Structure formats: C-alpha cells, structure tokens
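Residue numbers (full-length UniProt numbering): 1 to 70. One structure below.
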C-alpha cells in the first residue's frame with residue numbers, strides 16, 4: 001500500500017531500514033524509511049508525504065532521501 005502511494009506521489013522507491021527491518025523494533029520505535037525523491041521535489045512535498053505516511057501508520061517515521069542531497 002505504501003509503495004503504491006509512493007509511486008502515485010512520484011517517488012521512485014520506498015524501503016524500510018533500521019530496527020523495523022531487522023525485526024528489533026519496540027512498541028515505541030519509529031519507522032525508518034528511505035525514499036528516492038526525484039530531483040526538484042520540494043521540501044514542502046517531501047514533508048507532506050512524510051506526514052501522510054505517519055497518518056496512515058499512526059506512528060512517527062524518519063523519512064530520508066539520498067537523492068535530495070546529491
């Protein structure tokens with residue numbers, strides 16, 4: 001579901017990493033997500049996407065995109 005949402009919003013890839021991916025997450029753990037945002041993605045759109053995922057999962061997430069920093 002989240003991957004489909006990422007594609008719909010124009011993101012190229014969505015992957016989980018960190019404690020959730022390792023199966024070591026606690027109930028209070030956040031979810032670490034990596035997303036490939038295409039060049040030119042605004043900070044506003046990136047934050048809006050992060051908040052949308054947090055609403056869907058009802059959980060805090062850390063969202064990073066290495067392509068935004070190249």
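Beta carbons are placed, not taken as given, at the ideal position from N, Cα and C, and that holds for glycine. Note that the structure is a prediction, hence the values are computed from the model and not measured.
The C-beta separation of residue 11 from residue 36 comes to about 6 Å, placing the pair in contact by the 8 Å criterion. Here residue 34 is not near residue 50, since their CB atoms are 7 Å or more apart.
Taking 7 Å as the cut-off, the Cβ atoms of residue 32 and residue 17 count as close. Here the C-alpha atom of residue 58 lies approximately 10 Å from the C-alpha atom of residue 52. Cβ-Cβ distances below 6 Å link residue 13 to 36 in the same chain, with the five nearest sequence neighbours on each side left out; the list follows chain order.
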